[in-house]
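Novice: To convert, count from 1 in the sequence shown and add 1102; that's our numbering.
We put the CB at the ideal spot given by N, CA and C, even for glycine.
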Amino acid sequence: MVGVTHKMGIIGFGSMARQHYQMLIGYDRVTIKGIYDPDRNACDHAKERNLEVYPSQEAILSDQEIDIILVATTNDAHKTIVIDALRAGKHVICEKPVTISSEELLEIMDVVKETGKVFTIDQNRRTNRDFVLMKQKVEEGLIGQPYVIESRVEGSRGMPSGWRTLKSLGGGMMLDWGVHLIDQLMYMIPKKVTQIYCKMLSVQYPEVDDNFHLMMTFEDGLTAIVEVGTNHYIPHPRWYVMGEKGTLQIDSWDCNGKIVRCTDTEVQWEEEIFYTMAGPTKTMAPRNDNCTETIPLSLPEGVTDDVTVVYDQFTDAIEGKAKLTITPEQALRVMKVMEAAFQSASEKKSIDVSI
Ligand SMILES: NC(=O)c1ccc[n+]([C@@H]2O[C@H](COP(=O)([O-])OP(=O)(O)OC[C@H]3O[C@@H](n4cnc5c(N)ncnc54)[C@H](O)[C@@H]3O)[C@@H](O)[C@H]2O)c1
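1. Is any heavy atom of ligand 1 found at a distance shorter than 6 Å from the C-beta of Met1118?
2. Anyone know if the C-beta pair for Arg1151 and Val1405 falls short of 7 Å?
3. Rounded to the nearest angstrom, what separates Gly1218 and Gly1280 at their Cα positions?
4. I'd like the span of the beta strand (DSSP E) that includes Cys1364, first residue to last.
5. Which residues bound the beta strand (DSSP E) around Ser1253?
6. Report the partner residues of Phe1233 according to the DSSP bridge assignment.
7. In terms of alpha-carbon separation, which member of Ala1442, Pro1430, Ala1443 lies closest to Glu1197?
8. Tell me the residue span of the alpha helix (DSSP H) that contains Pro1097.
9. Which residues in the same chain as Met1103 place their Cβ atom closer than 6 Å to its Cβ, once the five residues preceding and following it in sequence are excluded?
10. Identify, in the order they occur along the chain, each residue of the same chain with its Cβ nearer than 6 Å to the Cβ of Lys1237, setting aside the five sequence neighbours on each side.
11. How long is the line joining the alpha carbons of His1315 and Glu1154, rounded to whole angstroms?
12. Assuming Glu1346 and Thr1365 form a contact by the criterion Cβ under 8 Å, report the distance between their Cβ atoms to the nearest whole angstrom.
13. Apart from the five residues just before and just after Ser1158, which ones in its own chain have a Cβ nearer than 8 Å to its Cβ?
14. Excluding the five sequence neighbours on either side, which residues of its own chain have a C-beta within less than 8 Å of the C-beta of Ala1447, listed in chain order?
15. Which residues bound the beta strand (DSSP E) around Cys1300?
16. Within the present structure, is the beta-carbon of Glu1206 separated from the nearest heavy atom of ligand 1 by less than 6 Å?
17. From this set, Glu1216, Tyr1129, Gly1381, Met1261, which residue's C-alpha is nearest Asn1333's C-alpha?
18. My output table needs one value for Tyr1335: the three-state DSSP class, helix, strand or coil.
19. Are there any heavy atoms of ligand 1 lying less than 6 Å away from the beta-carbon of Ala1144, as far as the coordinates show?
20. Output the residue ranges of the beta strand (DSSP E) runs that lie fully inside the stretch 1120-1202 and measure 3 residues or longer, sorted by chain position.
21. Look up Ala1326 in the DSSP assignment and give the residues it is bridged to.
22. Using only the alpha-carbon positions, how far apart do Gln1415 and Leu1426 sit?
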């Protein structure tokens, strides 16, 4: 089927669904027909955009013209709506986190099998340029074998008010940002995670984690550190990767950063003591410039980073042109990591896993 235009209905027309609307303007593989959202304000937004507003979930799901449903409600509601949409014969794209537990996702996966419909998840940050750049440079071997990958996003404005601060609706930073950062690492590293330790803080919002510190160990010994915070007035770099032959740092989403790597094959010890403001040292003395190389980093070229990439992959799978890229099995792996992180935080100990 060449040149197919799919008709999409949206359930939950809040701020993220409006982003989808905006980014799909001019995208010819999917047109948005209408929405269902019980919130009046959301319905007004839809009317302003000339979208049909359906009176109920049943009404939008029974529209035979619609073959795709986007689920972009609060996290707690994803599972039931996804299952209803699949059973109504629709292909479904669901916002992240796909569900709030792996049990819920497994229920969905059973219905995907039963209905034969295509189900994907909007893990749209796999195409973020900072991530693509880090992955490319590490995989090119520029810093040798990596042994620690640190991934952080840190703001200072707290969390948006509303459902993100409420546990029952699937709030908290692990489910909000953690899911993206973990998905990126799981997508990059196929090796099994064998140990998870996580500390979660509720600095400003008592019900949920508004900051967390997660450490994952992979079966080959690689360590990944993922940290998200909402109370950081001085953020750490977005990426900091240590390899056997060098270090990579990417400061922020704009991709400014550098690799500094070793160019001498044998480390030559200077015998003399180096005097710093904090006293003498040999171990922490800076390296001579002539035995390192600095490679500046900047925005990678040719990277498309918007939600149309996810829709291309989704519609290719619906049309049988390619295998699905963002699969429920991948989302299940991410969900299991998050669950082990919650368990580690509540039991205050590291958890052995095989994920
Ligand atoms: N992929 C991303 O980068 C990204 C970014 C932001 C949000 N999200 C995800 O998008 C989803 C929505 O987040 P948001 O920021 O748009 O929240 P929001 O509060 O702005 O919008 C949620 C909307 O869902 C509606 N809703 C709730 N329950 C419903 C139901 N049962 N049926 C129909 N509508 C219902 C609400 O009325 C509201 O309009 C969440 O899952 C969130 O994690 C993803």
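Specialist: Considering the structure as presented:
1. Yes, Cβ of Met1118 sits closer than 6 Å to a heavy atom of ligand 1.
2. With contacts defined as CB atoms closer than 7 Å, Arg1151 and Val1405 fail to qualify as a contacting pair.
3. Their backbone Cα atoms lie some 30 Å apart in a straight line.
4. Counting along the chain, the beta strand (DSSP E) containing Cys1364 begins and ends at 1359-1364.
5. In this chain, the beta strand (DSSP E) harbouring Ser1253 covers 1248-1256.
6. Paired residue(s): none; Phe1233 is not in a bridge.
7. Ranking Ala1442, Pro1430, Ala1443 by Cα distance to Glu1197 puts Pro1430 first.
8. Nothing can be reported for residue 1097, as the shown portion of the chain is limited to 1103 through 1457.
9. For Met1103, the pLDDT reaches just 45, beneath the cut-off of 50, and the residue's location in the model is therefore unreliable, although a value from the coordinates is still provided. Annotation for Met1103: Glu1421 place their beta carbon closer than 6 Å to its own, counting only its chain and skipping 5 residues before and after.
10. Excluding its 5 nearest sequence neighbours in each direction, Lys1237 has C-beta neighbours in its own chain below 6 Å: Met1290, listed in chain order.
11. Roughly 43 Å between the two C-alpha positions.
12. The beta carbons of Glu1346 and Thr1365 sit about 14 Å from each other, so the pair does not count as a contact at 8 Å.
13. Leaving aside the five residues that flank Ser1158 on each side, the residues in its chain whose CB is nearer than 8 Å to its CB run, in chain order, Tyr1138.
14. Non-local C-beta neighbours of Ala1447 in its own chain, meaning closer than 8 Å and more than five positions away in sequence, comprise Cys1300, Lys1301, Met1302, Asp1311, Phe1314, ordered along the chain.
15. It spans 1295-1303 - the beta strand (DSSP E) in which Cys1300 sits, taken as one unbroken run.
16. Not under cutoff, so the answer is no.
17. Cα-wise, what sits closest to Asn1333 is Met1261.
18. Tyr1335: coil per DSSP, three-state reduction.
19. At least one heavy atom of ligand 1 is found less than 6 Å from the C-beta of Ala1144.
20. Taken in chain order, the complete beta strand (DSSP E) segments of 3 residues or longer contained in the stretch 1120-1202 are 1132-1138, 1170-1173, 1193-1196.
21. Ala1326 pairs with Ile1251, Met1318.
22. If you take the alpha carbons of Gln1415 and Leu1426, they lie about 6 Å apart.
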